[in-house]
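Report on the structure given below.
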């Protein structure tokens, strides 16, 4: 009984302290950080690093959404866009799908279902690019952790250059230059891995092609 | 530069950053918990809460305060989720269903941050900020308070008082976590992490299709999620989501944050017991385990053996291009070695050995370097066991840090140590007995078994990372994993506080020629051996059927 009373008394004090902490760390703290994030230079990042093209929000430079070319449904080689990595929740092809919920496939490397999926993607990409399936790099056939990875490896970008140049009526060298422009290496030479930003690259391709 | 060399450079930068903060932060924390006076803000908090900050508590009262505080925290967080439609900034998200609300409330209060829901789908901004962010702070502060109470047990003599829980809780929050988190949150925004009160952004892509991308008040929660070794992401993909962790810089910074406090606490410990070497010994054990785990996982992920990974050409399933493999394994080992459980790649998609490292890291009891506070008291419990084992071998009453380890102390330490394996193995066994369990697994065979073991290992250790392929939204999993989190958190805490109370009552015994020198490299080896031995004896059969079978 004495212990129970003690516990109840402590719980009462606990509730009062919890309410104070809720105000301090659950209201004041996040709103203060939000307030600071309104400062010039931070505001754009806080609201999702939106890329504006033609006066409209065309995407976030941090978020990869696989673009759809309606012509590709008839003939995959007539697709004019650079493609992102596959999304785990995509029901067909590589994506796109609902981008409101993020996540990966959670399938292990020994999973038979994943093997089927990898081979299907590999064949699909090889047909689209007109290359041997052996040339398709690993990141092109594996789903990212977030399903929103904006980057592809420089190898996967290089694989897509010929088709994108052809379908947009651009010289291959120009497309290759644009890929280089939208590639970032390792920060300080050691952090992370090199990648090509598909979101900003496609916008640049559209600008260059003028349509 | 080859990915391997670059990866080493990355590890080097991380270690240097931690080394630079080790002394200042460790000493700061020792001062905070030993300070006489109160800040004006703290006095205001004590007055509002009507607690007397200058009265010290016995271990029983300290424990009652921990339990009482955690109980009301669970109730409040449960109610907030159930009443979500009435709260602002919910954007039409409904009430969280009871099983999920219970599981989530327990999860965040126990510093586990296991998530059976998809953040952007289920929870509105108010529950995220006023509910989850709050628990991100205070559950971390609770862990630190318990660790400090245990250290006081070693430091003090002939007293039944361990300090005041409300003071330790408040100081941990106000003087340690809040200032660092505030700076870190703003740095994260500068690096690209979002901090928005909007529902999302509508974009019209190059293909002319309109889509909505979810936004959230992320940076404020991201900072404390890592700093407090919590790990619950605002988005479903956690720190793999580009809005939580936009680039290699933010990735390094977040990885640094999640290791910062557990590592520096070993300095705090050395400072408080007046013998810094004792702290370096604990740090060496943690560093040793962390390095071995990192090497094993790194090798495994760069040498995949699964059919799907071989067909793809590399183990990139569930990993992000901007991080690559080295930064993914570095994070994996750090997040499971602490009790964080945040992920920047999907552990379920790791190779058998790589994923096994994450699992083993948790099953070692999360002491490499462990959660904030939980890591320190976890490894101190194992140190007590190691000293006791050594004492058995030479037939002397063991002593550690000037205190004799008698029957009461060793019993308390054994309970603290065995609570987690009991919870994990019973939970896993129970789940596997159910005929319906295989339906909830994404993977089959040994990897499926690993998914279940991982779930209970994560819950029982308050880690919160997952082999997320398993569907855990059934009432059975919501309830049993919730109970596993509660027992895995509070049984060890009670035992640790009992241990502290018993140690504090003793007088100090001077070290003699027969005392085991616990500040020496020899003891690093003994303690590491104890950590590995305990885990191996408990979990080897289960591991053999799961990740070991898959790795072979």
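Protein chains in written order, with my numbering: chain W, 19 to 229; chain U, 580 to 1131. C-beta atoms are modelled at their ideal positions from N, C-alpha and C, and glycine is treated no differently.
DSSP, reduced to helix, strand and coil, places residue 200 of chain W outside both helices and strands of the structure shown, so it counts as coil.
Within the region 809-835 of chain U, the residues whose Cβ lies closer than 8 Å to some Cβ of chain W are 814, 815, 816, 819, 820, 821, 822, 825, 826, 827, 828, 830 and 831, listed in chain order.
Note that the region 1090-1109 of chain U does not touch the region 896-903 of chain U; fewer than 3 beta-carbon pairs, one per stretch, sit closer than 8 Å. Under the three-state reduction of DSSP output, residue 976 of chain U falls in the coil class, being neither helix nor strand. Interface flag for residue 181 of chain W against chain U is unset, since no Cβ pair is found closer than 9 Å. Neighbours of residue 622 of chain U in chain W, taken as residues whose beta carbon is under 9 Å from its own, are absent, since the nearest beta carbon is some 12 Å off. At a C-beta separation below 8 Å, residue 204 of chain W has these neighbours in chain U: 580, 585 and 827. U/784 is the residue among U/784, U/607 and U/752 whose C-alpha sits nearest the C-alpha of residue 71 of chain W.
Chain W has no Cβ within less than 9 Å of the Cβ of residue 882 of chain U. Here residue 169 of chain W carries a strand assignment [DSSP, helix/strand/coil]. Against chain W, the CB of residue 929 of chain U has a partner CB under 9 Å away; the residue lies at that interface. For residue 152 of chain W, no pairing in a beta bridge is given by DSSP. For residue 132 of chain W, same chain residues with a beta-carbon under 6 Å away, outside a window of 5 residues either side, are 125 in chain order. Distance from the CA atom of residue 1013 of chain U to the CA atom of residue 1123 of chain U, rounded to whole angstroms, is 21 Å. Of all residues in the region 762-775 of chain U, those with a C-beta nearer than 7 Å to a C-beta of chain W are 764, 765, 768, 769, 771, 773, 774 and 775, reading in chain order. DSSP places residue 215 of chain W in the uninterrupted beta strand (DSSP E) bounded by 213-215. For residue 170 of chain W, the C-beta contacts it makes with chain U under 9 Å involve 900, in order along the chain. Identification of chain U residues near residue 65 of chain W by a Cβ-Cβ cut-off of 9 Å yields 773, 774, 775, 777, 780 and 794, ordered along the chain. Chain-ordered, the chain W residues with CB closer than 9 Å to the CB of residue 1021 of chain U read 123, 124, 125, 126, 129 and 131.
With respect to chain W, the C-beta atom of residue 1102 of chain U has no partner C-beta closer than 9 Å.
Runs of the alpha helix (DSSP H) spanning 4 or more residues and lying entirely within the region 656-696 of chain U occur at 677-688, in chain order. With a cutoff of 9 Å on beta-carbon distance, residue 710 of chain U and residue 44 of chain W are scored as near each other. Within chain U, 708, 712, 796, 799 and 800 have C-beta atoms less than 8 Å from the C-beta of residue 48 of chain W, given in sequence order. Ranked by Cα distance from residue 697 of chain U, the first of W/139, W/104, W/121 and W/134 is W/121.
When DSSP states are grouped into helix, strand and coil, residue 1091 of chain U belongs to the coil group. Residue 1080 of chain U carries a helical assignment under DSSP once its states are collapsed to helix, strand and coil. Residue-level contact by beta carbon fails for residue 617 of chain U and chain W, as no gap is shorter than 9 Å. Residue 782 of chain U: member of the beta strand (DSSP E) spanning 779-783, first to last residue. One alpha carbon belongs to residue 805 of chain U, the other to residue 933 of chain U, and they sit about 22 Å apart.
With its beta carbon less than 9 Å from one in chain U, residue 40 of chain W belongs to the interface. Note on the region 999-1072 of chain U: whole alpha helix (DSSP H) runs with a minimum of 4 residues are 1024-1039, in chain order. In the DSSP annotation of this structure, the continuous segment of the beta strand (DSSP E) that includes residue 77 of chain W starts and ends at 74-78.
The Cβ neighbour count for residue 595 of chain U, taken over all protein chains shown within 10 Å, is under 16; the residue is labelled exposed. The closest CA to that of residue 880 of chain U, considering only U/858, U/863, U/903 and U/859, is found on U/903.
Scanning U/774, U/1083 and U/869 for the CA closest to the CA of residue 50 of chain W turns up U/774. The alpha helix (DSSP H) runs lying completely inside the region 796-877 of chain U and spanning 4 residues or more are 797-806 and 827-851, given in chain order.
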